[in-house]
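Every letter in the sequence shown is one number past the one before it in the working numbering, and letter 274, counting from 1, is 271. First the structure, in the form of structure tokens, and then the observations on it.
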Amino acid sequence: MNNKNLAIEALRLPLIILVVFIHENPTFDSLGYWGLTVNTIAQVAVPCFFLIAGYFFIGRGPLTWEIYKAKLSKRARTLLVPYLLWNLVPSLVLIGGNLFSILFRGKSPDDLLAFLSGLWNEGLWHLWWDKVNGMPSDSPLWFLRDLIVMCLMAPVFYYFIRKCGTLMVAVLFLLYVFLPGDLKSIPGVSLTAIFFFNVGMYLRYNGISLIDRDRKYQASVVAITFLLLLMVVVPRHQGFLCPLFIAAGTYSSFALIGRANESVVTFMSRFSPTIFFIYAVHQTFVLAQTGKIVARLLPDSYAGHVLAYLIVPFVTTAVCMAIYYVLRLISPKLIGILCGGR
């Protein structure tokens, strides 16, 4: 693996930690500017993942029909199968917990029967599409849902990138920044997915590397990113400045990892095989339980709440890694299926 690809693999670790920060769902009332600042920075994570996915979807040559079919065949194993399996986990955990309480604690089966009846009456397909506020059953997997759609639509994107080039990216950028929020988050075709996946494809099509230490304007963009962060956080402004910050922050993420110490990059890249597992499992039960344990160990005060907020994502990530390595030791085949062969 060359140094640039190694840097991209390394970047996945801080990105997944930021994803866990997002799912702590901080409020300004409880955490003030600590929560608002970190949560705003964390919004950069998912766009980075979409951009990486778009960049590696196409190769250096043209996207032919044969290549596209081969790509889809591979994505069926790496994306679709894990997506279908992981979205069953929250329901299985809930069913298992209820069965345990019914068998060993004498709990009434009414809640379990109501849950099963609701699943059937509403339609089981909602588990894989919009079960939780427009997200699938394992809610972080909305990214995977939208990514699967992006892969299916890739030939259309590729056509317009070839024909329109920079104009297409510019139009998508304006839509991403100025379109109202409800229109940007349609399940399966979120504008976050469309814009950043296309940026990745555009960069790869034009031979522009994600990692390049020699770009003279990198420091300027990083400085602008910091100013935009202040402009979003200090007045608590969530208008068009927020997507501007996310776009600049996405660029800055690649610029910063490109300038990271080589030994740090090598160390972080070693955890790359665990990233998908962390992404899929952390919200099912690990984050909530870790949060409860950490909260008990810290004082019930503002400082204690802030400290817990900052600590929990790192502990959660470490616990998920430990579960991954134990499962890989017990059943490499199972972990391979759950992680799409990663």
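Beta carbons are placed, not taken as given, at the ideal position from N, Cα and C, and that holds for glycine.
- Message: Can you tell me whether ILE183 is buried or exposed? The criterion is at least 16 other CB atoms within 10 Å of its CB, across all chains shown.
- Response: So ILE183 ends up on the exposed side.
- Item | Integer Cβ distance of THR37 from PHE251, believed to fall under 8 Å | Between PHE251 and THR37 the Cβ distance is about 19 Å, and since that is not below 8 Å, they are no contact.
- Query: For PHE112, which residues of its own chain have a beta-carbon under 7 Å away from its beta-carbon, when the five flanking residues on both sides are left out?
  - Reply: Excluding residues within five positions, the ones whose Cβ falls inside 7 Å are LEU91.
- Hey, would you say LEU12 sits closer than 7 Å to ILE254, going by beta carbons? No. Outside cutoff.
- So what does DSSP say about VAL43, is it helix, strand or coil? VAL43: helix per DSSP, three-state reduction.
- Hey, which unbroken runs of the alpha helix (DSSP H) at 4 residues or more fall wholly within the stretch 176 to 229? Taking only runs of at least 4 residues, the alpha helix (DSSP H) segments lying wholly in the stretch 176 to 229 are 178 to 181 and 188 to 202.
- Going straight from the alpha carbon of LEU141 to that of VAL303, what length do you get? Their backbone Cα atoms lie some 30 Å apart in a straight line.
- Task: Look at the alpha carbon of GLY341 and the alpha carbon of VAL291, and state the distance between them as a whole number of angstroms.
- Result: The question about residue 341 has no answer here: the residues shown for the chain are numbered -2 through 339.
- Query: Where does ILE205 land, buried or exposed, given buried means 16+ other C-beta within 10 angstroms?
  - Reply: Label assigned to ILE205: exposed.
- Query: In whole angstroms, what is the alpha-carbon distance linking SER217 and THR313?
  - Reply: Distance between the alpha carbons of SER217 and THR313: 34 Å.
- Identify the residues that DSSP records as bridge partners of VAL129: which are they? Bridge partners of VAL129: MET132.
- Query: Secondary structure at GLY58, three-state DSSP: helix, strand or coil?
  - Reply: GLY58 falls in the coil class under three-state DSSP.
- From PRO329, VAL229 and PRO310, residue whose alpha carbon lies closest to that of THR34: Here the closest residue by C-alpha is VAL229.
- Message: Pop quiz: LEU3 and SER266 are said to be a contact at Cβ under 8 Å. What is the actual Cβ separation, rounded to whole angstroms?
- Response: Separation of the CB atoms of LEU3 and SER266 is rounded to 5 Å, and the pair is thereby assigned contact status at 8 Å.
- Item | Cβ pair LEU144, ALA50 closer than 7 Å | Less than 7 Å separates the beta-carbon of LEU144 from that of ALA50.
- Message: For ILE55 and MET198, what's the separation of their Cα atoms in angstroms?
- Response: So the two alpha carbons sit approximately 7 Å from each other.
- Query: I think VAL146 touches SER136, with their Cβ atoms under 8 Å apart; what is that distance to the nearest whole Å?
  - Reply: That belief does not hold up - the Cβ atoms of VAL146 and SER136 are roughly 17 Å apart, past 8 Å.
- Taking the alpha helix (DSSP H) that TRP122 falls in, what are its first and last residues? It is not in any alpha helix (DSSP H) - TRP122 carries neither H nor E in the DSSP assignment.
- Query: Looking at C-alpha atoms only, which residue of HIS279, LEU207, VAL186 and PRO87 is the closest neighbour of ILE5?
  - Reply: Nearest of HIS279, LEU207, VAL186 and PRO87 to ILE5, Cα basis: LEU207.
- Item | Simplified DSSP assignment, three categories, for ASN0 | DSSP places ASN0 in helix when its eight states are reduced to three.
- Message: Quick check: the stretch 211 to 227 against the stretch 268 to 284, are at least 3 beta-carbon pairs closer than 8 Å?
- Response: No contact exists between the stretch 268 to 284 and the stretch 211 to 227.
- Item | For PHE47, the nearest candidate out of GLY337, ALA244 and LEU89 (CA to CA) | Of GLY337, ALA244 and LEU89, the residue nearest in Cα terms is ALA244.
- Query: Where does the unbroken alpha helix (DSSP H) through ASN317 begin, and where does it stop?
  - Reply: The sequence shown places Cys at residue 317, not Asn. It spans 299 to 327 - the alpha helix (DSSP H) in which CYS317 sits, taken as one unbroken run.
- Message: Using only CA atoms, which one of PHE154, LEU81 and LEU138 lies nearest to TYR65?
- Response: Considering only alpha carbons, the answer is PHE154.
- Item | Cβ-Cβ distance between ARG72 and CYS148 below 7 Å | In this structure, ARG72 places its C-beta atom within 7 Å of the C-beta atom of CYS148.
- Can you tell which of LEU77, VAL323 and LEU284 has its C-alpha closest to the C-alpha of LEU307? Here the closest residue by C-alpha is LEU284.
- Item | Three-state class that DSSP yields for ALA336 in the structure shown | Rather than Ala, the amino acid found at residue 336 in this sequence is Cys. Three-state DSSP puts CYS336 in coil, outside helix and strand.
- Enclosing alpha helix (DSSP H) for GLY94 [first to last residue]: 86 to 101 is the extent of the alpha helix (DSSP H) around GLY94.
- Message: Helix, strand or coil for ARG257? Go by DSSP, reduced to three states.
- Response: In the sequence as displayed, the identity of residue 257 is Ala instead of Arg. The DSSP-derived three-state label of ALA257 is coil.
- Query: Which same chain residues, not among the five before or five after PHE311, have their C-beta less than 7 Å away from its C-beta?
  - Reply: Hits under 7 Å: ILE14.
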